[in-house]
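Numbering (my numbering), first residue to last: 127 to 249.
Okay, here's the thing in structure tokens:
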């Protein structure tokens with residue numbers, strides 16, 4: 127039994143190390159069950175987002191900050207400014223949710239309130 131516990135602790139530690147490695151963020155990420163995808167380009171403890179699909183949606187993202195297995199980034203879309211949190215749940219999946227959205231009366235802010243999206247990393 128002690129050998130099994132040690133193996134489990136090593137596996138958990140390896141996963142935690144992988145989730146805190148900024149290179150894990152790099153790549154194309156797609157919102158599950160949608161056509162929406164972004165390219166994540168990490169650089170040290172920060173990252174940039176580049177829109178990929180669908181083409182034609184006009185939005186901008188500020189420089190994101192990575193803190194271990196989570197990150198934050200400001201996103202602007204149609205007069206809305208949102209602070210978004212990304213939490214890696216594995217090297218291939220992440221949960222994204224709005225931490226704040228202004229102006230709060232805007233329909234976009236109403237739609238994202240208390241919502242989250244699951245993103246998967248495309249190979």
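Think of the CB as a built atom: it goes at the ideal place given N, C-alpha and C, for glycine as much as any other residue. Bear in mind that the values here come from a model prediction, so they are computed numbers and not experimental data.
Asked	Found
How many Å lie between residue 184 and residue 162 at the Cα?	13 Å
For residue 214 and residue 195, which I take to be in contact (beta-carbon distance under 8 Å), what is that distance rounded to the nearest angstrom?	4 Å
What's the C-alpha gap between residue 255 and residue 149?	This structure gives no information on residue 255, because the portion of the chain shown stretches from 127 to 249.
From 190, 216, 243, 207, pick the residue whose C-alpha is nearest to that of residue 230; which is it?	207
Per DSSP, residue 185 is paired with what?	203
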